[in-house]
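Undergrad:
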Amino acid sequence: MTSRHGDGSNRSGWTPGKVVTAAVSAVALASLVAAMAVARPAPSAVDADGRASSVMEQTVSQKLVESYCPARMTLADASQYGDSAFRASEGDIASSSRYAAFGAVYASSLSTLSGDDRGELADADPTDASAVRVLSGDANDGSLLQTTQLLASEDGNGVASSTVSWASQGDLRGLAAVGCVSPAFSHSFLLPATQTGWAQQLVVANPSSKATSVTVQAWGTSSQGRIRLAVSGTVAVASRGESTVDLAAAAAGQDALYVTVSSNETPVDALVRVTAMNGLTPQGNDYVTAAAAASRTLAIPGVAGSIGARVLMYAEQGGHASVSWIGADGATNATAIDFEGQRVTVVDLGTPPAGATGVRIDADADVQAAVVASAGGGQGGQSDFAVIGAGAAATVSAVAVPDQTDGTLYAVNATGDQTVVTVDAFDASGRSIGSRELTVAGGAGVAVALSDLGAQTAAVRLTDASSAVVWNVSAHRSQLDAAQVAAVASLAPSALTPRSSLVRAVARPGVVG
Numbered sequence: 001m002t003s004r005h006g007d008g009s010n011r012s013g014w015t016p017g018k019v020v021t022a023a024v025s026a027v028a029l030a031s032l033v034a035a036m037a038v039a040r041p042a043p044s045a046v047d048a049d050g051r052a053s054s055v056m057e058q059t060v061s062q063k064l065v066e067s068y069c070p071a072r073m074t075l076a077d078a079s080q081y082g083d084s085a086f087r088a089s090e091g092d093i094a095s096s097s098r099y100a101a102f103g104a105v106y107a108s109s110l111s112t113l114s115g116d117d118r119g120e121l122a123d124a125d126p127t128d129a130s131a132v133r134v135l136s137g138d139a140n141d142g143s144l145l146q147t148t149q150l151l152a153s154e155d156g157n158g159v160a161s162s163t164v165s166w167a168s169q170g171d172l173r174g175l176a177a178v179g180c181v182s183p184a185f186s187h188s189f190l191l192p193a194t195q196t197g198w199a200q201q202l203v204v205a206n207p208s209s210k211a212t213s214v215t216v217q218a219w220g221t222s223s224q225g226r227i228r229l230a231v232s233g234t235v236a237v238a239s240r241g242e243s244t245v246d247l248a249a250a251a252a253g254q255d256a257l258y259v260t261v262s263s264n265e266t267p268v269d270a271l272v273r274v275t276a277m278n279g280l281t282p283q284g285n286d287y288v289t290a291a292a293a294a295s296r297t298l299a300i301p302g303v304a305g306s307i308g309a310r311v312l313m314y315a316e317q318g319g320h321a322s323v324s325w326i327g328a329d330g331a332t333n334a335t336a337i338d339f340e341g342q343r344v345t346v347v348d349l350g351t352p353p354a355g356a357t358g359v360r361i362d363a364d365a366d367v368q369a370a371v372v373a374s375a376g377g378g379q380g381g382q383s384d385f386a387v388i389g390a391g392a393a394a395t396v397s398a399v400a401v402p403d404q405t406d407g408t409l410y411a412v413n414a415t416g417d418q419t420v421v422t423v424d425a426f427d428a429s430g431r432s433i434g435s436r437e438l439t440v441a442g443g444a445g446v447a448v449a450l451s452d453l454g455a456q457t458a459a460v461r462l463t464d465a466s467s468a469v470v471w472n473v474s475a476h477r478s479q480l481d482a483a484q485v486a487a488v489a490s491l492a493p494s495a496l497t498p499r500s501s502l503v504r505a506v507a508r509p510g511v512v513g
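With the first letter of the sequence shown counted as 1, position 468 gets the number 468 in the UniProt record's numbering; the numbers rise by one all the way through.
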């Protein structure tokens, strides 16, 4: 394990129910106090001793949004020893990042964990209500924090930022993509194998001014129940610092892992860097972010073009599930499985059929799931993979598309009813460059090339009044094709729906404080 930290300005995370004050503005508190001062007690608000009490409830909403944007992909062990022909090499690794803020935004800026300023997102045209704030850069010099102050907490306001890394030489050949993540007290991950050749680095960042410790737990494929880790399951994370855990060493020999990270003192950001090698031949790399909440129906878009797809599943309770391919004409059954509780299940679906845009899982118990999509055909047997998590539908959501990257938008409708969504595209200055309505049949999926939405699309926003569609963007770089490098990567959308919490206050006569 390693740890790095610095000093800087105070920052805090957001997790509903844990840090309510992070979402409460001074105006909201003042309004609440004033209302309590004049409120009359409800007829039922009487204590056992006959004294009346007044109960006030007010919804307070998040207006400060903070996101952690990781550094470019790196090798878990780049030590230079032994014969130069056999040393690990990052090759010509490069990266590109795009940061976007949507809707009613007062300000959005970037900084290092230690507080050093790295720029502010600009509003190219304040008179254009349809424009968004955008900033372009890279992730070569380390991770960054994006801090955004919203003017209003409502659908359509929020941030969506992302980073891609790529290489045409060395051990990181391929393409990796990740969206910036938000702090929380707990995170859970579905991860590929920890067999020989695989490396998995859990990265935990603490953006606050208060140090914390996190508890790491894991479940695997070899047996039911929690795995006894080969390293300590408690990790210290300094204030404004980062710590890493070698999960492949901590829980070796598994075909897949389910990992939970829980912070004891303050919300943290977390993700996992995964790389794979077959001897000296690269087999891919990707970032893995936290899995979506468990559900009995899950949709995972963006499997088209891959040469193989494996489903990873975890559930607290055992049950039965059916797995289907989703295409333009609806769903077709792929397989049916039984799964055990507290044990990771791996299902090899093989090559997706022509026209498949996603995977659907229907289970009789709540499950979490992800798909590992593979791309092959690289020079010298090189391949790549992407870990694509199950998505969650939102009324408004967005993806930032980094510079030097194009791709395809995949959307699947997990419900039985046809729905219509609106897709808006923006350029690198934040100006609107195109809009399109997509009709998605119940249980079906659609695909749209980003180039069809507008030239050099830098950000995409999807509005779905029915909250029925799950989507993502499969990233692509034509330069890797020209270099005969297999590449596959996926960018998940960020919901533009600020969180809110209900605050209840009870005032009793004679009670002070």
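Think of the CB as a built atom: it goes at the ideal place given N, C-alpha and C, for glycine as much as any other residue.
For the candidate residues Trp198, Ser262, Leu175 and Ala336, whose alpha-carbon lies nearest to that of glycine 91?
TA: For the residues Trp198, Ser262, Leu175 and Ala336, the minimum Cα distance to glycine 91 belongs to Leu175.
Undergrad: May I ask you to report which of helix, strand or coil DSSP gives aspartate 155?
TA: Coil.
Undergrad: Are residue 530 and serine 188 touching if we call contact CB-CB under 7 Å?
TA: Past the edges of the chain, shown from 1 to 513, lies residue 530, and the structure says nothing about it.
Undergrad: For aspartate 384 and chain B, any beta-carbon pair shorter than 7 Å?
TA: Looking at the structure shown, chain B is missing, and only one protein chain is on hand.
Undergrad: Assuming alanine 428 and alanine 458 are in contact, meaning their beta carbons sit under 8 Å apart, how far apart are those beta carbons, in whole angstroms?
TA: Right, their Cβ atoms sit about 4 Å apart.
Undergrad: May I have the straight-line CA-CA distance separating valine 203 from serine 182, to the nearest angstrom?
TA: Those two C-alpha atoms are separated by around 13 Å.
Undergrad: Spell out a yes or no on whether the region 414-434 and the region 459-470 are touching, meaning 3 or more CB-CB pairs, one atom from each, closer than 8 Å.
TA: With a cut-off of 8 Å, the region 459-470 and the region 414-434 count as touching, because enough Cβ pairs lie within range.
Undergrad: By the three-class DSSP mapping on this structure, what secondary structure does serine 451 have?
TA: Note: serine 451 maps to helix in three-state DSSP.
Undergrad: According to the neighbour-count rule (16 or more other Cβ atoms, all chains shown, within 10 Å of its Cβ), is valine 286 buried or exposed?
TA: Inspection of the sequence shows that residue 286 is occupied by aspartate rather than by valine. Burial call: buried.
Undergrad: With H, G and I counted as helix, E and B as strand and the rest as coil, what does DSSP make of aspartate 171?
TA: Of the three classes helix, strand and coil, the one that applies to aspartate 171 here is coil, per DSSP.
Undergrad: Across the region 319-336 and the region 258-275, are there enough close Cβ pairs to call them in contact, namely three or more that are closer than 8 Å?
TA: Because the criterion of three Cβ pairs below 8 Å is not met, the region 319-336 and the region 258-275 do not touch.
Undergrad: If we ignore side chains and look at the alpha-carbon of each, how far apart do glutamine 479 and alanine 449 end up?
TA: Between glutamine 479 and alanine 449, the C-alpha separation is close to 17 Å.
Undergrad: Kindly indicate which three-state DSSP category alanine 425 falls into: helix, strand or coil?
TA: Strand at alanine 425.
Undergrad: Secondary structure at alanine 39, three-state DSSP: helix, strand or coil?
TA: Note that alanine 39 scores a pLDDT of 42, beneath 50, so its modelled location is shaky and nothing firm can be said.
Undergrad: Do you know whose CA, among Cys180, Asp255 and Leu150, lies nearest glycine 197's CA?
TA: With distances taken between Cα atoms, glycine 197 lies closest to Asp255.
Undergrad: Measuring CB to CB, does valine 132 end up less than 7 Å from alanine 177?
TA: For valine 132 and alanine 177, no; Cβs fall outside 7 Å.
Undergrad: In terms of alpha-carbon separation, which member of Asp338, Ala304 and Ile337 lies closest to threonine 351?
TA: Considering only alpha carbons, the answer is Ala304.
Undergrad: For a quick check, are the C-beta atoms of glutamine 201 and threonine 234 less than 7 Å apart?
TA: Against a cut-off of 7 Å, the Cβ pair of threonine 234 and glutamine 201 comes out as no contact.
Undergrad: For leucine 257 and aspartate 348, what's the separation of their Cα atoms in angstroms?
TA: Computed Cα separation, rounded: 16 Å.
Undergrad: So for glutamine 379, helix, strand or coil by DSSP?
TA: DSSP places glutamine 379 in helix when its eight states are reduced to three.
Undergrad: With DSSP run on the structure shown, which of helix, strand or coil describes residue 517?
TA: It is not possible to answer for residue 517, since the shown part of the chain is limited to 1 through 513.
Undergrad: Just the Cα atoms here: how many angstroms apart are alanine 248 and glutamine 195?
TA: Approximately 8 Å, taken between the alpha carbons.
Undergrad: Is it true that the CB of proline 493 sits closer than 7 Å to the CB of tyrosine 410?
TA: No, the pair does not count as a contact, with Cβ atoms beyond the cut-off.
Undergrad: On the DSSP bridge list, what partners appear for isoleucine 93?
TA: DSSP, once it has assigned bridges, lists no residue as partnering isoleucine 93.
Undergrad: Any chance the region 358-365 sits against the region 307-319, with 3 or more Cβ pairs inside 8 Å?
TA: The region 358-365, when compared against the region 307-319, does touch it at the 8 Å Cβ threshold.
Undergrad: Mind checking glycine 284: buried by the 16 CB within 10 Å criterion, or exposed?
TA: Looking at its Cβ environment, which holds 16 or more other Cβ atoms inside 10 Å, glycine 284 is buried.
Undergrad: Contact defined as beta carbons within less than 8 Å: I believe threonine 215 pairs with valine 344. What is the distance between those atoms, to the nearest angstrom?
TA: The Cβ separation is near 19 Å, so there is no contact.
Undergrad: Compare the C-alpha of arginine 360 against each of Asp384, Asp406, Leu312 and Gly381 and name the closest.
TA: Out of Asp384, Asp406, Leu312 and Gly381, Leu312 has the C-alpha closest to the C-alpha of arginine 360.
Undergrad: Tell me the rounded alpha-carbon separation between aspartate 83 and threonine 415.
TA: Note that aspartate 83 scores a pLDDT of 46, beneath 50, so its modelled location is shaky; the value from the coordinates is reported in the next line. Going from the Cα of aspartate 83 to the Cα of threonine 415 covers about 56 Å.
Undergrad: Near leucine 280, which residues of its chain fall below 6 Å by C-beta distance, leaving aside the five closest residues on each side in sequence?
TA: Answer for leucine 280: no residue qualifies.
Undergrad: With 16 as the cutoff for other CB atoms within 10 Å, does aspartate 481 come out buried or exposed?
TA: Answer is exposed; the Cβ neighbour count stays below 16.
Undergrad: Thinking alanine 393 and valine 470 are a contact (beta carbons under 8 Å), I'd like their distance in whole angstroms, please.
TA: At roughly 5 Å, the Cβ-Cβ gap stays under 8 Å, so alanine 393 and valine 470 are in contact.
Undergrad: Taking the beta carbon of alanine 26 as the centre, do at least 16 other beta carbons fall within 10 Å, making it buried, or is it exposed?
TA: In this prediction, alanine 26 has a pLDDT of 39, which is less than 50 and means its spatial position is unreliable; nothing more can be read from the coordinates.
Undergrad: Excluding the 5 residues preceding and the 5 following valine 38 in the sequence, name in chain order all residues of the same chain whose CB lies nearer than 8 Å to its CB.
TA: Low local confidence applies: a pLDDT of 38 at valine 38 is under 50, so the model's placement there is unreliable, and no value is given.
Undergrad: Is serine 397 closer than 7 Å to alanine 299 when the C-beta atoms are compared?
TA: The answer is no: Cβ separation not under 7 Å.
Undergrad: Ignore the nearest five residues each way along the sequence and tell me which others in serine 383's own chain have a CB closer than 7 Å to its CB.
TA: Contacts found: Gln283, Gly284, Ser374, Ala375, Gly376 and Ala486.
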